[in-house]
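A.B. asks:
So this is what it looks like as structure tokens:
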């Protein structure tokens, strides 16, 4: 049927516009400038190359190129000329040494391959523990960007000999004129170095040694000195504690060096006893996240709470003020008194008077937990001396300055004054590993070796010595502090001989030097003297403290972040990419703001459509110093009226552009005080792009992911865990209630023959420190992808530590106090398993429908409980990823490992889509040898840290945790070579080896390994067990001691 | 750089026999003088056991070269020196002291146990030197190329015979036609008819296309599968090192040099100091040594230069007999290149498995120039893992697992594959 209807495409067409006419005839309205790329017609015709020829040539060259590519490259193999006796090519050597960089101190084992250190692990024989920074320090060794390579004078390279000559002449000149020279170092804690320095001072009596810690513990040192006559830090044996009260002390983080290991020792849920830990703090710290009870107290109130605690414990009457936490403080005092000598109080306030009060409480409790006889020497900085130095320098009273591995131009609050003072010096020398702000400001910049290239010794605590030995030939033209000082003192012996001599006379007492060097540590019996106690006027201390505390509307609590610490290793890409355990943000520091303040001040963290969060900027002013554009993160659990800000970021000089992230908070760090009052804040324009590895806050009611119980429940023998606090997935089978894991659609394989590897992770002792994450990076050549890629969820971490806040469910239906609480609901319904309580309560009591329920559960509570969950490939025996791979690139090994053959993978990413745990990582790019990812894998030095036993993956393939199959295979091979069975607990993965507090246990369940028992433990559970994936990673229920002692 | 072709066995053998004959004739001409062989032999035996660690006939080693020493010193002096050189020096003999000083005061061992005859034999040996080996005439015969007719020759001959038959046939036909026989369609005529038929048959067309496609696919597949398989890869090395001389003729154990093989994933290329363990004393090859490389033959002159390369690398001054410290590592060309994504461990195979090196590396002891003997493909690995039974050797590691697996599979001895040696993750991580 013909139609006369006419359709117009536009009104213009109806009108019969000329444009439409043109368009109809001509596809392109404007003429395409074909001549421009074709050239003019004549040359085109004149050319003998026809289009056909051109295609022929293209075809030929392509074919030729691809054929040529078929030939492999010629590879050279260059053996040693004289092979060192202890090196067998391809076999790792381990050396025991000690890390001491002024901030992190640790007894470590260093894995070297062909003379290159590639990994650092805790020296467990020496009771060593490593945090993320210690683990990552091996990469800082190969930092060819930031490290000083040659001695320079005013920026021009000079020889060591010339530098020595000039500096010695200058030193002698200053000595004759008796002008003051200062040697400024960080905490060395090295007895032999102190001897070298003493000799140096003997030669040049005008030299004064000043110790400067970027992050100060001066208050504690002063307090301890006042009370016990020794400038040191008290030691704590948290393992024996029954009640731990911490007022703002992040002792699982960096407070006084960290006490993670001994803390975990006292919190072994299976032993039936756990310490009861109460944390009063303003920032959400790692310690607060692990506490049994966390009380939110803003910094000024912490001071009063501490005094109130003293009053409550001792019955004293020190001047103080009321705080909102007084009820809890009173309760805490009772608990402490009950615990008596097993109780301990610590405070993170870097103030002599506050520390005196804490010491006084411990004294009053007669605490055995605090050890004042064997004090710790890992912080020795003296703030008043440093302050005096800056004043003197500015006044021109100091003529010479030699700095060693400190960066005051960056890390002093009054850095500008310091820099000005440096200009007035007659002699300024920076001996430094890094080409930092300070070495750029001084006349001479002399390169010092990394600790992995040096000799040395450390005395961490009284009688506990560690030896430092080089594990690699110096990479650059460096010379260590002690050798420099010996040289300048006119000595002809080198430091190694001096050290050996010092040890044989002062330390070893006839024991073997070689043995001590092999072990990396030496324990000397020390006679504990009865301490002469100085009576301290607590009243005066409290009065001074109260008067110094100027409570204000907003207060700032500065802290050191887990990743960067004091900022010494800011140019380390592993650490930059390590997400903060609490906020899960990487590549940044930021102002943490409480939910209430954020609402008032109008700060937001919107989730963008790429799954990342943005944040507002704030301009913050403290005591007249303003830092603009600090990004803001809203932190659940942050005390109202307080902000948190991490030190150590915002370094610029000598840093790679990618690492110049964050803001430098040191200008706020006045007098080394981590608490600053009188803070004003205003919202600034613009949005900051955060790179968070995890955006969601809570479990949203899905407690199949993570189970928690109280110590009381775990200890209660009458409770059947399988029906109460650790209820597995149940199904009805043959009309019987049966455990889901017992039912199977598939015929199961026989897994009882040979090794079967399992990894057990105890969520109770896991503090979330992140050491395992870095160990995994180092062991498995995991690439760093940079901030932008992390932001869009393309991070490559094989092992991550998920953080979950507890939810806040608002009861909108009932008046306050009308509806029953969750605790009441739980008590009334003993049949409901722990993991279902929250959901059932919300549904039954609060009457929320399914949709509203999950919505409500997604919001974190104002002061949430926090749980950490290390998450990596679960190596499911029924792996969903394996069945969907079209090319069988991922398959299951008989030893329980889910194997990934990279060379077989074609990159469909089906496996990642089908993985319920989101642990598979796709190589969107080549991360090695790619200028777009200019990190450690893109330069010759950084590549030296790669593990030669693990392949560097290329673009387009999937990767994931392999359960360190290279390590299990190596252990098996070692046993085979030695013709023996594998020993008990001989198997390890990088993460289990790095875990200092024994939270991760790896082994063979078909043997007598510890993990075989843990797998059957009453606390054992599997993540998302209802899916039936049957993982080989088993978790242990998180236990909190809510019993209130 | 990359040369993958084998030496032709024929040319190799021809060259060898030629060289052999040349040497033979030379050696005959060289040994016209009379030599007391028994004395020479006795002397040589003593020299090798007592003197050779420090002396050579024609070269300085730790001590001076001893060739023709009888011409320089009197017999009495030599005897006195050999028996107790210290006493001789003590007696104030100027010559003795001079030698002692010249050789950096290194003490020569005294040999008081030697009698006059023995010393005379040694000295006789130093005077007459080596006697060339007298060739066995039978051996000469056996090396002549008697079974050398290569296969291609046979093909050419066969082709020639066929061509000849065709020519003869056509000639005969032409002759018979010329004689007046009726013209038959002939072979060609029949063939063209047949060709017409074939050209019109669609079924045959289809068949041909399918056949052609299959062949093309087969060839393409085969070619592509060879990409990156470097079987026979025989790069030119910076030093013309002959495994045949070292591992074959001198029977040096593979693991003397490749000592890492039993401990490590790598077999290890020996460092130059390992070479120097022997070559400190061996600065030249025996006179008649020949190394036949790909396209050239190295004679003593060339080979001595190759040894000199080791000295250069090790920084050894062959004149002064001391290390200069000026070293230069040897840049060997790697023959066996596994891709990074494949993990291979020598110690697993050598120490645990007890596999002979030759199983994968071929007859290295016969190779003048090393080449890649095995394809090193995954299929090649897997084939071996499937067939090879686990060598238990009383290894306690295997005791339990083997017993259980043997029961499970119902076999006496399980294969590597049954033990899990076929899993991806065992080699790819």
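Chains as they are written, first to last, in UniProt numbering: chain V, 1 to 1045; chain B, 1 to 429. By construction, the Cβ of each residue, glycine as well, lies at the ideal position given by its N, Cα and C atoms.
1) Any heavy atom of the ligand GDP closer than 7 Å to the Cβ of residue 259 of chain B?
2) Inspect the CB distances between the stretch 35-54 of chain B and the stretch 103-121 of chain B and report whether three or more fall short of 8 Å.
3) Going by other Cβ atoms of all chains shown within 10 Å of its Cβ, with 16 needed for buried, is residue 57 of chain V buried or exposed?
4) Chain V partners of residue 332 of chain B, CB-CB under 8 Å?
5) Is there a Cβ of chain B sitting closer than 8 Å to that of residue 902 of chain V, yes or no?
6) How far does the beta strand (DSSP E) with residue 189 of chain V in it extend, from its first residue to its last?
7) Using a Cβ-Cβ cutoff of 7 Å, what residues of the stretch 80-102 of chain V are near chain B? List them in chain order.
8) Rounded to the nearest angstrom, what separates residue 939 of chain V and residue 788 of chain V at their Cα positions?
9) For residue 1036 of chain V, collect the residues of the same chain with a Cβ closer than 8 Å to its Cβ; drop the 5 residues on either side in sequence, then sort them by chain order.
10) What are the boundary residues of the alpha helix (DSSP H) that residue 224 of chain V is part of?
11) What in chain V is Cβ-close to residue 405 of chain B, meaning under 7 Å?
12) Which same chain residues end up closer than 8 Å to residue 310 of chain V when comparing Cβ atoms and leaving out the 5 residues on each side of it in sequence?
13) Less than 8 Å between the beta carbons of residue 402 of chain V and residue 945 of chain V, yes or no?
14) Quick one: which chain V residues come within Cβ less than 9 Å of residue 263 of chain B?
15) Note down, in chain order, every chain B residue with its Cβ under 7 Å from the Cβ of residue 1004 of chain V.
16) So, at 7 Å on beta carbons, what are the nonlocal neighbours of residue 520 of chain V in its own chain, with the 5 sequence-adjacent residues on each side left out?
17) Does the Cβ of residue 210 of chain B have 16 or more other Cβ atoms within 10 Å, making it buried, or fewer, making it exposed?
18) Are the Cβ atoms of residue 279 of chain B and residue 268 of chain B separated by less than 8 Å?
19) Tell me the residue span of the alpha helix (DSSP H) that contains residue 385 of chain B.
20) Give me the chain B residues within the contact set of residue 965 of chain V, using Cβ-Cβ distance strictly less than 7 Å, ordered along the chain.
21) So, for residue 329 of chain V: in the same chain, excluding its five sequence neighbours on each side, which residues have a beta-carbon less than 6 Å away from its beta-carbon?
22) Give the residues of chain V in contact with residue 309 of chain B, contact being defined as C-beta atoms less than 7 Å apart.
23) Checking contacts by CB at 8 Å: is residue 949 of chain V closer than that to chain B?
24) Helix or strand or just coil, what does DSSP make of residue 258 of chain V?
25) Can you check whether the C-beta of residue 415 of chain B is within less than 8 Å of a C-beta belonging to chain V?
26) Any idea if residue 767 of chain V is buried or exposed, counting beta-carbon neighbours within 10 angstroms, 16 or more meaning buried?
27) What whole-angstrom Cβ distance do residue 639 of chain V and residue 298 of chain V have, given they're in contact under 8 Å?
28) Classify residue 8 of chain V as buried or exposed, calling it buried when 16 or more other Cβ atoms lie within 10 Å of its own Cβ.
29) According to DSSP, is residue 302 of chain B helix, strand or coil?
30) To the nearest angstrom, report how far apart residue 138 of chain B and residue 363 of chain B are at their CA atoms.
31) Since residue 121 of chain V is in the beta strand (DSSP E), which residue starts that stretch and which ends it?
32) Around the Cβ of residue 409 of chain B, are there at least 16 other Cβ atoms within 10 angstroms (buried) or fewer (exposed)?
33) What does a CB cutoff of less than 7 Å around residue 17 of chain V pick up in its chain, not counting 5 residues either side in sequence?
34) Helix, strand or coil: which one does DSSP assign to residue 58 of chain B?
35) Within 8 Å of any Cβ in chain V, is that where the Cβ of residue 269 of chain B sits?
36) Run down chain B in chain order and give the residues with a C-beta less than 8 Å from the C-beta of residue 1047 of chain V.
C.D. replies: In short, the structure shows the following:
1) No copy of the ligand GDP appears in this structure; indeed no ligand is present at all.
2) yes
3) To locate residue 57 of chain V, count along the first chain from 1; it is residue 57. So residue 57 of chain V ends up on the exposed side.
4) Translated into positions along the second chain, residue 332 of chain B becomes position 332. Neighbours of residue 332 of chain B on chain V, chain order: 76, 77, 78 and 79.
5) For the purposes of this step, residue 902 of chain V is identified with residue 902 of the first chain, where counting begins at 1. Residue 902 of chain V counts as touching chain B.
6) One-based indexing of the first chain puts residue 189 of chain V at position 189. Neither: residue 189 of chain V is in no beta strand (DSSP E) and is coded neither H nor E.
7) 80, 81, 82, 83, 88, 89, 90 and 91
8) Within the first chain, the letter at position 939 stands for residue 939 of chain V. Within the first chain, the letter at position 788 stands for residue 788 of chain V. Looking at the two C-alpha atoms, the distance is approximately 20 Å.
9) On the first chain, position 1036 is the one that residue 1036 of chain V refers to. 269, 760, 761, 762, 763, 764, 1014, 1017, 1019, 1020 and 1021.
10) Here residue 224 of chain V corresponds to residue number 224 of the first chain, with the count starting at 1. 218-228 is the span of the alpha helix (DSSP H), which, as asked, contains residue 224 of chain V.
11) On the second chain, position 405 is the one that residue 405 of chain B refers to. Those are 753, listed as they occur along chain V.
12) Here residue 310 of chain V is taken as the residue at index 310 of the first chain, counted from 1. These residues qualify, in order along the chain: 316, 318, 357, 360, 361, 364, 538 and 542.
13) For the purposes of this step, residue 402 of chain V is taken as the residue at position 402 of the first chain. For the purposes of this step, residue 945 of chain V is taken as the residue at position 945 of the first chain. Against a cut-off of 8 Å, the Cβ pair of residue 945 of chain V and residue 402 of chain V comes out as no contact.
14) For the purposes of this step, residue 263 of chain B is taken as the residue at position 263 of the second chain. Chain V residues near residue 263 of chain B: 88, 90, 91 and 977.
15) Walking along the first chain from the start, residue 1004 of chain V turns up at place 1004. Residues of chain B passing the Cβ test: none, with the nearest at roughly 11 Å.
16) If you number the first chain from 1, residue 520 of chain V lands on position 520. For residue 520 of chain V, where only same-chain residues beyond five positions count, the Cβ hits under 7 Å are 96, 97, 98, 107, 123, 126, 466 and 467.
17) The residue labelled residue 210 of chain B in the question sits at position 210 within the second chain. Answer is exposed; the Cβ neighbour count stays below 16.
18) Residue 279 of chain B sits at position 279 when you count from the first residue of the second chain. Residue 268 of chain B sits at position 268 when you count from the first residue of the second chain. No, they are not a contact pair.
19) Position 385 of the second chain holds residue 385 of chain B. Its alpha helix (DSSP H) spans residues 378-387.
20) Residue mapping note: residue 965 of chain V aligns to position 965 of the first chain, counting from 1. Those are 425 and 429, listed as they occur along chain B.
21) Within the first chain, residue 329 of chain V is the residue found at index 329, counting from 1. Excluding sequence neighbours, residue 329 of chain V sits near 305, 308 and 309.
22) Within the second chain, the letter at position 309 stands for residue 309 of chain B. Result: empty, since nearest Cβ-Cβ is about 13 Å, beyond 7 Å.
23) Translated into the one-based positions of the first chain, residue 949 of chain V becomes position 949. Cβ-Cβ to chain B under 8 Å: yes for residue 949 of chain V.
24) What you label residue 258 of chain V is simply residue 258 of the first chain in a count that begins at 1. The answer is coil: DSSP assigns residue 258 of chain V none of H, G, I, E or B.
25) Along the second chain, read from residue 1 onward, the residue named residue 415 of chain B stands at position 415. So no, residue 415 of chain B is outside the interface.
26) Numbered from 1 along the first chain, position 767 holds the residue referred to as residue 767 of chain V. Residue 767 of chain V is buried by the Cβ-count criterion.
27) The residue you call residue 639 of chain V lines up with position 639 of the first chain. The residue you call residue 298 of chain V lines up with position 298 of the first chain. Residue 639 of chain V to residue 298 of chain V, Cβ: 4 Å. Contact.
28) Taking the first chain and counting its residues from 1, one reaches residue 8 of chain V at position 8. So residue 8 of chain V counts as exposed.
29) Here residue 302 of chain B is taken as the residue at index 302 of the second chain, counted from 1. It is helical.
30) Reading the second chain from its first residue, position 138 is the one you call residue 138 of chain B. Reading the second chain from its first residue, position 363 is the one you call residue 363 of chain B. Confidence is the limiting factor: at residue 138 of chain B the pLDDT is only 43, short of 50, which leaves the residue's position unreliable, though a coordinate-based value still follows. Roughly 27 Å separates the two Cα atoms.
31) Stepping through the first chain from its first residue, residue 121 of chain V is reached at position 121. Segment 116-122, the beta strand (DSSP E) holding residue 121 of chain V.
32) The count along the second chain starts at 1 and reaches residue 409 of chain B at position 409. Flag for residue 409 of chain B reads exposed.
33) Within the first chain, numbered from 1, the residue matching residue 17 of chain V stands at position 17. Result list for residue 17 of chain V: empty, nothing under 7 Å.
34) Residue numbering aside, residue 58 of chain B sits at position 58 when the second chain is read from its first letter. DSSP places residue 58 of chain B in coil when its eight states are reduced to three.
35) Looking up residue 269 of chain B in the second chain gives position 269. Closer than 8 Å: yes.
36) Chain V is shown from 1 up to 1045; residue 1047 of chain V falls before or after that span and cannot be answered.
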